[in-house]
Every structure is written in structure tokens, then in C-alpha cells.
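Residue numbers (full-length UniProt numbering): 1 to 316.
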């Protein structure tokens, strides 16, 4: 009996690294996937960098709306850089070994930037609400100081919570398999590998998800409810179309991001298969960040005009 307990104890403390399986279930497609994800990553970097540049240099885009878009684009670059380069390296080397410390750091930054994105999207919704529902006081309410404060709050509010949750999860004992059927250290698959009772940890995950996903989402829904009600009161069709066009891009991004994040972090643990979780994670960590700059540029006349001016200057 004593020997058995000693063996179990040694197994619980013997894991010093995890193995990210990634896309090892389709071994013949590793190089194709490497090429696809490399192109996607470079596209995200290039498109968001262009948005950051034009929102800084074009005088027409020096408004709160584009100040937040600037922050959002930079956040997207940070967000994808936490996961995609590591995934590319694993595809290139055909190895997914990652130390516990590196895994904890990756998970911490993914959750941190994901939480910041939720809060920043809420700040952007508030900006649109003030612009459409209270246009006369918009310059006063959304002055530069308020915009900076909202941006800083979005970036740092979740940091202590995420660090605390990461430390709590990685202080759990891990025994048995160290193989993670995922392409990065996400919260649900890591919790599945933990030994013992993880009920309190799961409750903590749900509470944090409610605070950083559901509460901001409800605030955005309330904001857009009031925005739509005000837009419908506009008498001219052109006025309504212009008001809708300033909000539609943001609303599309909100639905895409919150939809996939809700399924991942608020779905009961037994109901989410590893394969499904991996596919959903691909959407909110890779594909949606690829679509976001396209959505914001193609559906925004001011940005398209600024891009044309920039291109014409470069060609002169």
C-alpha cells in the first residue's frame, strides 16, 4: 500500500513538460498547414500594421473611434503572436514539447489579451453609443483623456485576475498523460490533465468567463439596443445608412469573437470534445483575427480613403 502511494505521488510530480499534439492527426499535411498559417500570420501582421499606421498619420482619422481601432489592431497583433509562431515552430520541427513554465506563460498571455479584447470591444461599443445617442456632448464625453483611460483599463483590468488563475491552475498536480490534443496551452485541455478534484478551479474559470465575456457582451447588447432605437428615429434614409455603417463592422466582430469564446469557456466541460475545442479555438485565435482588419477596412469609407491617399503618396 505504501509503495503504491509512493508510486502515485511520484507520477503526480514527474511531469515537467507537456506535448502539444497540434495537427499530428493529419501528418501528411504538416507542410501545407505550415504554409497556410504562415501566410495568415503575415497577413494579420501586415493588415493590422497598416491600420495602426494610417490611423496615426491621417488627420481625418484622429477621432475616438479610430483611436480605439488603433488599440484593437495592436492588441490583435499581440494576441496572434502568442499562439501562431509557436504553432509554426511545432509544424516545422514535428515536435510539440513545451515546458510547464512556457505553457503557463502562453496560457496567461492568451487569456490576458483575450480578456483585454472583450473589454476593448465594450469600450468601442460605448464610443458608438455616445456618438449616435448623445452626439452634441460627444466631444466632451469622449475626450482624449477619457479615451486613454478606457484603453488603459481594457489593457490592464484583467491582468491580476488572469495571473492569479494561471498560478492556481499550474499549482495543481499533473499526472498520467502529458499530451495535449491542442495547438496551444488553452485552459480547458490543461484542466483535463490535472489530477484530483478540479471543481473549484472550474467554478473559478466560469466566474472569470462570466465577468470578462458575458458582462461585457451584455453591456454591448444594451448599447446596441439603444443605438438601433436611435437610428430608427432618424428621418432620412441616408442618415440611417450612415449611422448603421459606423456600427456594422464592430457588431460583426463582436458576434464572431464572443460567439466562439462563449462556446469555449462557458460550455460545460464534459460536453466539449477535444477535437471540437481545437476547431473552435482555431476560429477565435487565427481566423477571426484574419477577418477583423478586412471587415474594418472594406466596410469603412474613411479607412479606404486614407489607404488610397497613402498608396498614391507612395507611388508618386
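Backbone N, C-alpha and C define an ideal beta-carbon position, used for all residues, glycine too.
Residue 125 and residue 71 do not touch by the CB rule: their CB atoms are close to 14 Å apart, not below 8 Å. Approximately 14 Å separates the beta-carbon atoms of residue 221 and residue 257; this is outside 8 Å, ruling out the contact. Put simply, of 94, 117 and 263 the residue whose alpha carbon is nearest the alpha carbon of residue 78 is 117. DSSP links residue 51 through a beta bridge to no other residue. Here residue 292 carries a helix assignment [DSSP, helix/strand/coil]. CA-CA distance, residue 207 to residue 178, rounds to 27 Å. Taking the Cβ atoms as the reference, residue 87 lies roughly 14 Å from residue 18, outside the contact range of under 8 Å. Closest in C-alpha terms to residue 259, from the list 276, 284 and 275, comes 284. Here residue 42 is not near residue 296, since their CB atoms are 9 Å or more apart. According to DSSP, residue 194 shares a beta bridge with 174. Between residue 201 and residue 169, the C-beta gap is smaller than 9 Å, which places the two residues in contact. The DSSP-derived three-state label of residue 181 is coil.
The distance from the Cβ of residue 226 to that of residue 129 is about 6 Å, consistent with a contact at the 8 Å cut-off. In its chain, beyond the 5 residues on either side, 180 and 182 have a beta carbon closer than 6 Å to the beta carbon of residue 189. CA-CA distance, residue 280 to residue 33, rounds to 17 Å. Around the beta carbon of residue 209, 16 or more other beta carbons lie within 10 angstroms, which makes this residue buried.
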